[in-house]
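Peer 1:
Number of protein chains: 2
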Amino acid sequence: MDDVVADLAQDRSRLGRTSTAERVADILRDRISEGFFRPGQRLSEESISEGLGVSRNTLREAFRLLGHERLLDHQLNRGVFVRLPSAEDVADLYRVRRVLEGAAVRRSPAPETLAAIKEAVLDAERAAARDDWQGVGTANIRFHQALAALNGSPRIDEAMRQLLAELRLVFHVMENPRAFHQPFVDRNRVLLGLMESGQAEKAAAYLDDYLDHAERLLIEAYAP
Amino acid sequence: MDDVVADLAQDRSRLGRTSTAERVADILRDRISEGFFRPGQRLSEESISEGLGVSRNTLREAFRLLGHERLLDHQLNRGVFVRLPSAEDVADLYRVRRVLEGAAVRRSPAPETLAAIKEAVLDAERAAARDDWQGVGTANIRFHQALAALNGSPRIDEAMRQLLAELRLVFHVMENPRAFHQPFVDRNRVLLGLMESGQAEKAAAYLDDYLDHAERLLIEAYAP
DNA sequence: AACATAAGAATCGTTGAACAATTCGACAAG
DNA sequence: CTTGTCGAATTGTTCAACGATTCTTATGTT
């Protein structure tokens, strides 16, 4: 009986009902992530609270949430704006990625734990084969999320989620976000190969170069 | 003229006045960090808003802020509680530390950039010499904050700040937090020495052992 | 006595309205 | 063209209210 109860405890997080503010935050997060709200755009309290049918107070709670996730920029007495990352932000995001993903690939995990990563690589390749660049982008993000997950830390998973969401903002101000991910499909495959064959240090070096390249490309194509 | 304006832009962050909610969050953060509010304790909206002379709405905004910093635990319809980290939380905090601080020491920085770290080591030693264990604790925290700062990333600095604040919660439920930091004064000195002499890999290995030891000690002395 | 149930109190979640504080744009004066 | 001033618009904060949920306590059943 006790073990049943222990099992149930795992589902408790799923059961947690959500407040209105959180649901509003979810909606806004999606809208931002899909580009409906553009970086730099101001989000009016009055129009949005009216549009969503919630009170201003509740909406402000949602704004706080997203502000802490760095998706919104809250300026006192001026309102909240969809965050518009600077070039320095991009550089810092890649600094963090090098640390988190670098530690992950050095971990030389058992081949069976690479399943999620392998799946993401395959998804990216399939999407590329049918010229679905949107799909390539999502699969690529999944790839790096799964990579960071090798660290086995919920906090790092969460940080990586936020980081990638923030990077998405950058993609939305690029002129040609679709072509960006394309060259990395092959690299993902190579990196996976190095990891599967246990060449941790080689994989780490390859990843560093990978991220350097991506950062350079991104900064160049970045115009704000 | 233009360069003057550019200089001024750097001061813009300092100018950002803070909202009442943020100031309330600052106060609560301090109170939690100093142990005035104990882990597990419930913070009543009514009594605290009354005590601080702010409205419930403003207080709730502050609660959201601290919830995102993992200092408060917000349970729907039950209220907010000072977070009481579980043993699994402690384990995860140390997982993150190994990644962030590990990447830092591997960076083999120029000796002059180690100044802040050296200062923290000296502070800890001076505090230990006069049996000021509170002082040893703060200096030790400063040491690790400075260590992580070698990554040169504002986001990592921020994450480290949060992480150490969360770790402070753990200290507050220990029976003997004062003696905990003592054995690490010497280790900090040794680690610094390894870094100064450019033995990055050796320093990394030493740090791993350092953190393993600290984690084990912490988990053992941890009762909830 | 142990347990389940139900009523009541306390607290949170959310709303709507109100007013002060601040920003922003326009327009007049120098 | 710059500087000051006014007014409209928006945010910051408070307050009061009410439904919803949880906690507590009393009651009744086996």
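For the protein sequence lines, the chains are A and B, in the order given.
Once you know that position 221 of the first sequence is 217 in my numbering, the rest is easy, because the numbers rise by one and skip nothing.
Once you know that position 196 of the second sequence is 192 in my numbering, the rest is easy, because the numbers rise by one and skip nothing.
The beta-carbon is built from N, C-alpha and C at its ideal position, and this holds for glycine as well.
Keep in mind that this is a model prediction, so the values were computed, not measured.
Can you tell me where the alpha helix (DSSP H) with G36/A in it begins and where it stops?
Peer 2: From DSSP, G36/A is part of no alpha helix (DSSP H); its letter is neither H nor E.
Peer 1: Would you kindly check if the distance between the Cβ of G194/A and the Cβ of S82/A is under 7 Å?
Peer 2: Not in contact: S82/A and G194/A (Cβ atoms no closer than 7 Å).
Peer 1: Determine the closest residue to G133/B out of E97/B, V181/B, A100/B, L110/B, with distance taken between C-alpha atoms.
Peer 2: Ranking the options by Cα distance to G133/B, first place goes to V181/B.
Peer 1: If the cut is a Cβ gap below 8 Å, which residues of chain A does L61/B touch?
Peer 2: What L61/B touches in chain A: R60, H64.
Peer 1: Just to check my reading of the structure: I28/B and L67/B have Cβ atoms closer than 8 Å, yes? What is that Cβ distance to the nearest angstrom?
Peer 2: Contact flag correct, Cβ pair sits at about 5 Å.
Peer 1: Taking three-plus beta-carbon pairs below 8 Å as touching, is the stretch 115 to 122 of chain A in contact with the stretch 162 to 180 of chain B?
Peer 2: Judged by Cβ distances under 8 Å, the stretch 115 to 122 of chain A makes no contact with the stretch 162 to 180 of chain B, as fewer than three pairs qualify.
Peer 1: Once the 5 residues before and after A217/B are set aside, which same chain residues still bring their CB inside 8 Å of it?
Peer 2: M170, E171, N172, F176, listed in sequence order.
Peer 1: Looking only at its own chain, which residues have a Cβ that is under 6 Å from the Cβ of A100/A, when we skip the five neighbours before and after it?
Peer 2: Within the same chain, A100/A has close Cβ partners L143, A144, L146, N147.
Peer 1: Output the boundary residues of the beta strand (DSSP E) element that contains Q130/B.
Peer 2: That residue, Q130/B, is in no beta strand (DSSP E); its alpha helix (DSSP H) goes 129 to 145.
Peer 1: Say whether the stretch 57 to 64 of chain B touches the stretch 15 to 24 of chain B, bearing in mind that this needs 3 or more beta-carbon pairs closer than 8 Å, one atom from each stretch.
Peer 2: Taking 8 Å as the limit for Cβ pairs, the verdict is that the stretch 15 to 24 of chain B does touch the stretch 57 to 64 of chain B.
Peer 1: So with CB distances below 7 Å, who are the chain A contacts of D88/B?
Peer 2: Neighbours of D88/B on chain A, chain order: S149, P150, R151.
Peer 1: Can you look up H70/A in the DSSP assignment and give me helix, strand or coil?
Peer 2: Residue state, collapsed to three classes: strand.
Peer 1: Let's test the definition: count the other Cβ atoms within 10 Å of the Cβ of G102/B and tell me whether it reaches 16, buried, or not, exposed.
Peer 2: The sequence shown places Arg at residue 102/B, not Gly. It is buried - the Cβ of R102/B has at least 16 other Cβ atoms within 10 Å.
Peer 1: Apply the 10 Å Cβ neighbour rule to F167/A and answer buried if 16 or more other Cβ atoms are within range, or exposed otherwise.
Peer 2: When all chains shown are included, F167/A counts as buried.
Peer 1: Just verifying my parser: in three-state terms, what is the DSSP assignment at L214/A?
Peer 2: The answer is helix: DSSP assigns L214/A an H, G or I state.
Peer 1: Measure from the alpha carbon of Q71/B to the alpha carbon of each residue in D127/B, S40/B, Q158/B, H209/B, then state which is nearest.
Peer 2: Taking only the C-alpha atoms, the option nearest Q71/B is S40/B.
Peer 1: Mapping DSSP to helix, strand and coil, what is V50/B?
Peer 2: Coil at V50/B, not helix or strand.
Peer 1: What are the partner residues of F77/A, as DSSP defines its beta bridges?
Peer 2: R38/A, D69/A, per the DSSP bridge assignment.
Peer 1: As a quick exercise: from V78/A, N73/A, G189/A, pick the residue whose alpha carbon is nearest that of L163/A.
Peer 2: Cα-wise, what sits closest to L163/A is V78/A.
Peer 1: Just how far apart, CA to CA, sit Q6/A and P107/B?
Peer 2: For Q6/A, the predicted structure reports a pLDDT of 43, less than 50, and the residue's modelled location is therefore unreliable. A value from the coordinates is still provided. If I take the Cα positions, the gap works out to 48 Å.
Peer 1: Comparing C-alpha positions only, which one of E192/B, T16/B, I113/B sits nearest to T277/B?
Peer 2: Here chain B covers residues -3 to 220 and nothing more, so residue 277/B does not appear.
Peer 1: Over the uninterrupted alpha helix (DSSP H) stretch that includes G189/B, give me the two end residues.
Peer 2: Per DSSP, G189/B belongs to the alpha helix (DSSP H) from 180 to 192.
Peer 1: Please name the residue, chosen from L96/A, G47/A, R34/A, Y202/A, that lies closest to L160/A on a Cα-to-Cα basis.
Peer 2: That would be L96/A, whose Cα lies nearest to the Cα of L160/A.
Peer 1: At the level of alpha carbons, what is the spacing between I225/B and Y202/A?
Peer 2: Residue 225/B is absent from the structure shown; chain B starts at -3 and stops at 220.
Peer 1: By DSSP, does A200/B sit in helix, in strand, or in coil?
Peer 2: Helix.
Peer 1: Taking a contact to mean a Cβ-Cβ separation below 7 Å, would you say L207/A touches R91/A in this structure?
Peer 2: Contact flag unset, no.
Peer 1: Quick check on P105/A: does DSSP put it in helix, strand or coil?
Peer 2: DSSP places P105/A in coil when its eight states are reduced to three.
Peer 1: Figure out for me which residue from D85/A, D69/A, E42/A has the closest Cα to the Cα of I152/B.
Peer 2: Residue D85/A is the option with its Cα nearest to I152/B.
Peer 1: Check whether the Cβ of A99/B lies closer than 7 Å to any Cβ atom in chain A.
Peer 2: Chain A contact via Cβ: present.
Peer 1: By a C-beta neighbour count over all protein chains shown, 10 Å radius and 16 as the cutoff for buried, is V136/B buried or exposed?
Peer 2: Just to set this straight, residue 136/B is Asn in the shown sequence, not Val. By the neighbour-count rule (16 or more Cβ atoms within 10 Å), N136/B is buried.
Peer 1: Just mark H209/A as buried or exposed, buried being the case when its beta carbon has 16 or more other beta carbons within 10 Å.
Peer 2: H209/A is exposed by the Cβ-count criterion.
Peer 1: Can you list, in chain order, the residues of its chain with a C-beta nearer than 8 Å to that of L188/A? Leave out the 5 residues immediately preceding and following it.
Peer 2: L110, I113, K114, V117, listed in sequence order.
Peer 1: Please state whether the Cβ-Cβ distance between L165/A and P35/A is less than 7 Å.
Peer 2: In contact: L165/A and P35/A (Cβ atoms closer than 7 Å).
Peer 1: Quick one: which residues of the stretch 32 to 55 of chain A get their C-beta closer than 9 Å to a C-beta of chain B? List them in chain order.
Peer 2: Taking 9 Å as the Cβ-Cβ cut-off against chain B, the residues of the stretch 32 to 55 of chain A that qualify are N53.
Peer 1: Please compile the residues from chain A whose C-beta is within a distance smaller than 8 Å of the C-beta of L96/B.
Peer 2: Within 8 Å Cβ-Cβ: V95.
Peer 1: Strictly under 7 Å for the Cβ-Cβ distance: is V92/B near chain A by that measure?
Peer 2: Yes - at least one Cβ of chain A is within 7 Å of the one on V92/B.
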